[in-house]
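Below: the structure, in structure tokens.
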Amino acid sequence: MTYSLTGKLALVTGGSRGLGKSISGALAAAGATVIVNYANDVESAEQTVKWIRDNGGEARAVQADVTDEEAVDQLIKQIGEETGGTIDILVNNATGAQPQLSIEESEWTDYEAQFRFFVKAPLLLTKAVLPGMKMKRSGRIINIGSEVVQLGNARFANYVTAKSAQLGMTRSWASELGPFGITVNVINPGFIPVEKHAETPADVLAQYQNNVPLQRMGVPDDIGNAIVFIAADEANFITGQSLSVNGGNTFGV
14 MTYSLTGKLA LVTGGSRGLG KSISGALAAA GATVIVNYAN DVESAEQTVK
64 WIRDNGGEAR AVQADVTDEE AVDQLIKQIG EETGGTIDIL VNNATGAQPQ
114 LSIEESEWTD YEAQFRFFVK APLLLTKAVL PGMKMKRSGR IINIGSEVVQ
164 LGNARFANYV TAKSAQLGMT RSWASELGPF GITVNVINPG FIPVEKHAET
214 PADVLAQYQN NVPLQRMGVP DDIGNAIVFI AADEANFITG QSLSVNGGNT
264 FGV
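Read in order, the letters of the sequence shown correspond to residues 14 to 266 in our numbering.
See the structure below:
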């Protein structure tokens, strides 16, 4: 089955590199017009837009710090002015540095930094796109979570805690927005090597892969394909769910 997103307008935060690039490409390949949001790296954003267009898709790059309320309001205003439409699909993917710290090394600011990306930014963006979605009585809000919520990685509580909060937020939003035809779900990638993992030792990759039931590392397209499914009309009865895309590395909710 091929899922069609023709006529849909999608916003992917942090959409120019890594998983975000693959998500942007997958949504565009399914027919959506994709807004590739980026914070600083304009070159990567422009390259992603060119890659999408060269493959027959529609995309444009828009800069914004999605952890800043005024910047988010301006982002949504700019998208409306440039496209004449409102967001149908919001993918909250943007992230920042993810330091691994022991409890003794951690400060509240280390936790707060993760909450800015995984709780504050989705809140600001969702509030900004809700008027349009409620007017249409349709919409998709897709948060990018992580398998760490189930794994509980040591020396990573700042990140694990913020991602856990994001999961609870997803479920509460799903309950609140369901009556408006808006679904809210979280997709949890496993360890999928992208640009930032270029220097990961081979033995670390092998150790992770050996624990995955499907016996392979994930690739970015695995996440992009899952996003397209959740964004499609065929998934309109799926909300409040936590879907792990990690080859079976974790089970359950």
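Think of the CB as a built atom: it goes at the ideal place given N, C-alpha and C, for glycine as much as any other residue. Computed from a predicted model, the values in this text were never measured in an experiment.
query = Using the C-alpha atoms, what's the distance from R168 back to G181?
reply = Each residue's Cα considered, the two are about 22 Å apart.
message = Buried or exposed, going by whether 16 or more other CB atoms sit within 10 Å of the CB of P202?
response = buried
task = Look at the alpha carbon of A74 and the alpha carbon of D67, and state the distance between them as a whole number of angstroms.
result = 15 Å
ask   = With 16 other CB atoms within 10 Å as the buried threshold, where does Q163 fall?
value = buried
message = By the DSSP assignment, the alpha helix (DSSP H) with E94 in it spans what residues?
response = 82–96
message = Whether or not the region 111–130 and the region 59–66 are in contact is what I'm after, with contact meaning three or more pairs of Cβ atoms, one per stretch, closer than 8 Å; do they touch?
response = no
query = Which class does Y16 belong to by DSSP, given the choice of helix, strand or coil?
reply = coil
query = How about K90 and F131: are their beta carbons less than 7 Å apart?
reply = no
ask   = Where do the N-terminal and C-terminal ends of the beta strand (DSSP E) with Q179 fall, by residue?
value = From DSSP, Q179 is part of no beta strand (DSSP E) but of the alpha helix (DSSP H) over 170–190.
message = How far does the alpha helix (DSSP H) with S267 in it extend, from its first residue to its last?
response = Residue 267 lies beyond the residue range present for the chain, which begins at 14 and ends at 266; the question has no answer from this structure.
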